[in-house]
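Those sequence lines, one after another, are chains S and D.
The first sequence lines up with residues 23 to 282 when you count with our numbering.
The second sequence lines up with residues 165 to 557 when you count with our numbering.
Step one of this worksheet: look at the structure below.
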Amino acid sequence: MKKLLFLLGSSLIGMMLIIGSCRKDEVKSVSPQFVFKHNVDGVALQRAVMNYTNLAGNQYQVDELQYFISEITLQKADGQLIRITSDSSIHYIDLDVQASLAWNPKDLVPAGDYTGISFVFGINEAKNKSGLFVNPPERDMFWPEMMGGGFHCMKMNGKWKAMGELIQPFNFHIGIGMNMAGTEFYQNFFTVTLPLNMQINDTHSKIDITMNIEKWFAAPNLWDWDVIGGQIMMNQMAMRKAAENGANAFQVSFEGNNPK
Amino acid sequence: MKFVPVSFFKFLPKVLIVSMVIIALFQFSCNHDDTGYNPTPYQVTVPKFFPTRMNIPAGNPMTVEGVELGRYLFYDGRMSGNTEPDKMMSCGTCHLQSSSFECGIDHPKFTGGRPFGITGIVTPHYMLPMINLVWNETGYLWSGSISESNPNPSQRNIEDIVGMAVTAPHEFAGDSNKTKTLIQSIPGYPELFEKAFGSRTVTMLNISKAIAQFVRTLISSDSKFDKYMRGEQQLRTQELNGYVLFMTEDGADCFHCHGGSGNPLFTTNLFYNNGKDSEFNDPRDRFSVTGDPSDHGAYKVTTLRNIELTGPYMHDGRFKTLAEVIDFYSQGIIWSPYIHPLMHHANDGGIQLTPGEKTDLVAFIKTLRDDTFLTNPAYSAPDKLPDGAKPVE
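What follows is the structure in structure tokens.
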């Protein structure tokens, strides 16, 4: 009986010590939130108003904006990569769907200092397959099967003032491109990598991902609708140029502390 | 310290067994409603490629009994609250299965496809088809005014439309009290209401719920195009050519609004100004719901399923034939500041299809005709109503 009591006592003390030591090294997990914002050269986007002029001199307005962001990955100061995996790592953003403008994935990320963030604009080749989404609104981003299938990376619909003051609709749509013969397909999703310099903790876990719409039309490819035309989904060269510009269209910001 | 007598342990197994039997009996009695109300859940089978999320209100789960009752009521002319033959009207009076639950342009009574109510007042707009509404999440009617976001809680769903139809001057022009009293008095109905809703008392709410349940069963998923998608049937060359036009931006570019392989409903159920007019004064357009200026002249995109049977077309029925509609999109688009950007050929007057392309496009659109839906006996009028009376179509 004495032996038994001794064994029980030592086990309890041992377990308490183990738990105590775990608590010391425990890294807190935090729910991140991503908020998607849209502006034109720093001023919040005003829709359906011909307020903007791009670098090529086209006056334009944006009526609708819908796109996918996926594979968000946060880089810790120690180099560790934390990938958001909820919802197949894909989030849909639509100016007409208020709830889509903030994403609270189920993932928890370790608190601590972060130095970078990357994400895919659109959906990567492995995942961008027809049938991935059957429910709206994501479903309505489907890209024709005969043009490579899957889903649009983005639909930006609006109008520009063409030469002679004629107002023309544009459909700035990016998805899988193909050659003229329809025999070869090209992926136009791209990865955006940005510095973050943020300390994520219980009180600061909100990251703003902001799209500057004007950047889509600026560099490295000057976008002139009068030359390129309003519709590009059957024009791989134009979609490629758009994607190259889009890589410069994002910035991230946060409220909270910088790393220690 | 008190000790439990040994005799207690002796009887413990017996006590446990008796207790378990009592608990089991108690639970068994709880699982059965004393009223005998035990409806069978109605399972909507989601066809291949269709949305998995459905718009079935939590307050009106579908049941086999509810759907059965709804079908009777849908086709019962006494829903108008009248028994005189010239004053009877049912949902089925205007919503004909053979015309994809519209009245059709060749309706003997509703000339030109424009329905009117018992008193002769015409409906504000032409009809929309009742197809696949269980997947409609954006509101009902051309403006989408009947939706979850409507501030009026009695104008939010199909159930509410049923109630509105009974009293609307351009439909049954009736009185819901009169309707429910009449339905209550018809032999057979109280029993059906009891089976569907657990009470023999007929209420307008339960009438509306039953009809809404029936309407949600009306699913079209077996057109020639569906069979093509499932690999069961090939399209003809002309139909395939039309399909390519339908799905390409440089072609007819129908798919952005009307769906296609990735959206078999053949509508996004969204609202667009498609370039029919330059002035907008319809008090029932999308602008009337949202107050957003860019919604002037915008209306719900109709499904193209069975579209060859649902003329006349557009909210005001201005086009009588599919050919007229194709001509409009090809050469008849009118520019306005409110036109949706997806109407990207607006300044050219349209998509400029050749006669051959128009023929191809119509050929493809006709592959969306679903004869299985149009003849499905589960959707048709029953041979007789619960009291043996004939349905009113």
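The C-beta atom is built at its ideal place from N, Cα and C for all residues, glycine as well.
Remember, it's a predicted structure, so these values are computed and weren't measured experimentally.
So for residue i, helix, strand or coil by DSSP?
i, result
"D/Asp494", "Here the sequence assigns Ser to residue 494 of chain D, which means Asp is not the residue at that position. Note: D/Ser494 maps to helix in three-state DSSP."
"S/Gln258", "helix"
"D/His422", "helix"
"D/Arg235", "helix"
"D/Arg453", "It is worth fixing the name first, because residue 453 of chain D is Val in this sequence and not Arg. Three-state DSSP puts D/Val453 in a helix."
"D/Ser349", "helix"
"S/Gln102", "coil"
"S/Gln253", "strand"
"S/Asp85", "strand"
"S/Leu218", "strand"
"D/Phe167", "Reliability of the predicted coordinates at D/Phe167 is poor, the pLDDT of 46 falling under 50, and no value is obtained from them."
"S/Val52", "strand"
"S/Lys177", "strand"
"S/Ser275", "strand"
"D/Gln398", "coil"
"D/Asp534", "coil"
"S/Thr213", "strand"
"S/Thr95", "strand"
"D/Pro221", "coil"
Does the separation of the CB atoms of residue i and residue j fall below 9 Å?
i, j, result
"D/Cys418", "D/Thr432", "no"
"D/Asp414", "S/Met256", "yes"
"D/Ala510", "D/Ile498", "yes"
"D/Pro272", "D/Gly230", "no"
"D/Val526", "D/Gly406", "yes"
"S/Phe207", "S/Gly268", "no"
"D/Ile371", "D/Lys342", "no"
"D/Val326", "D/Asp339", "no"
"D/Thr474", "D/Glu248", "no"
"S/Asp230", "S/Lys50", "no"
"D/Ser244", "D/Ile282", "yes"
"D/Tyr493", "D/Leu532", "no"
"D/Ile322", "D/Asp240", "no"
"D/Glu557", "D/Gly276", "no"
"D/Arg380", "D/Met478", "no"
"D/Ser425", "S/Pro166", "yes"
"S/Asn80", "S/Trp245", "yes"
Terminal residues of the continuous alpha helix (DSSP H) containing residue i?
i, result
"D/His509", "Per DSSP, D/His509 belongs to no alpha helix (DSSP H) and is neither H nor E."
"D/Ser604", "The shown model of chain D, from 165 to 557, leaves out residue 604 of chain D, and the question about it has no answer."
"D/Thr401", "401-411"
"S/Pro283", "No information on residue 283 of chain S is available, as it lies outside the stretch 23 to 282 that chain S covers here."
"S/Trp247", "247-250"
"D/Val465", "Element bounds for D/Val465: n/a, residue is neither H nor E."
"D/Lys388", "388-393"
"D/Leu525", "519-530"
"D/Thr247", "Counting along the chain, D/Thr247 falls outside any alpha helix (DSSP H), and DSSP gives it neither H nor E."
"S/Asp116", "Careful: S/Asp116 lies outside any alpha helix (DSSP H), inside the beta strand (DSSP E) at 112-116."
"D/Thr614", "For residue 614 of chain D there is no data in the structure shown, the boundaries of chain D being 165 and 557."
For residue i, which residues in the same chain have their Cβ closer than 6 Å to its Cβ, ignoring the five residues on either side in sequence?
i, result
"S/Val62", "Tyr74, Ile235, Glu236"
"S/Asn193", "Asn179, Gln253"
"S/Pro54", "Val131, Ser227"
"D/Val228", "Thr204, Tyr206"
"D/Gly234", "Ala374, Ile375, Gln377, Phe378"
"S/Ile104", "Leu96, Val131"
"S/Phe276", "Met220, Ile229"
"D/Phe274", "Cys267"
"S/Ser86", "According to the sequence provided, residue 86 of chain S is Glu. The question's Ser does not apply to it. Hits under 6 Å: Asn179."
"S/Gln88", "Asp116, Lys177"
Note down, in chain order, each residue of its chain lying with its Cβ closer than 8 Å to the Cβ of residue i, except the 5 sequence neighbours on either side.
i, result
"S/Leu216", "Gly138, Ile139, Ser140, Phe272, Gln273, Val274"
"D/Leu434", "Thr302, Cys421, Lys464, Val465"
List the endpoints of the continuous beta strand (DSSP E) containing residue i.
i, result
"D/Glu266", "Element bounds for D/Glu266: n/a, residue is neither H nor E."
"D/Phe274", "Where D/Phe274 is concerned, there is no enclosing beta strand (DSSP E), given that its DSSP letter is neither H nor E."
"S/Phe58", "55-62"
"S/Asn234", "228-234"
Quick one: residues in its chain with C-beta nearer than 7 Å to the C-beta of residue i, no 5 flanking neighbours on either side, listed in chain order?
i, result
"D/Gly303", "Ser309, Ile310, Ser311"
"S/Ile189", "Lys181, Lys183"
"D/Phe528", "Glu403, Gly406, Tyr407, Phe410"
"S/Lys128", "Ser108"
"S/Ala66", "none"
"D/Lys251", "Ser244, Ile282"
"D/Ile220", "Met226, Val298, Arg380"
"S/Asn270", "Lys237, Ala241"
Run down chain B in chain order and give the residues with a C-beta less than 7 Å from the C-beta of residue i.
i, result
"S/Met256", "Annotation note: the requested chain B is absent from the structure, which comprises protein chains S and D."
- Which ranges would you report for the alpha helix (DSSP H) in the stretch 290-347 of chain D if only whole runs of at least 4 residues count? With a minimum length of 4 residues, the unbroken runs of alpha helix (DSSP H) contained wholly in the stretch 290-347 of chain D fall at 322-331.
- Query: Of all the alpha helix (DSSP H) runs that stay within the bounds of the stretch 123-150 of chain S, which reach a length of 4 or more residues?
  - Reply: none
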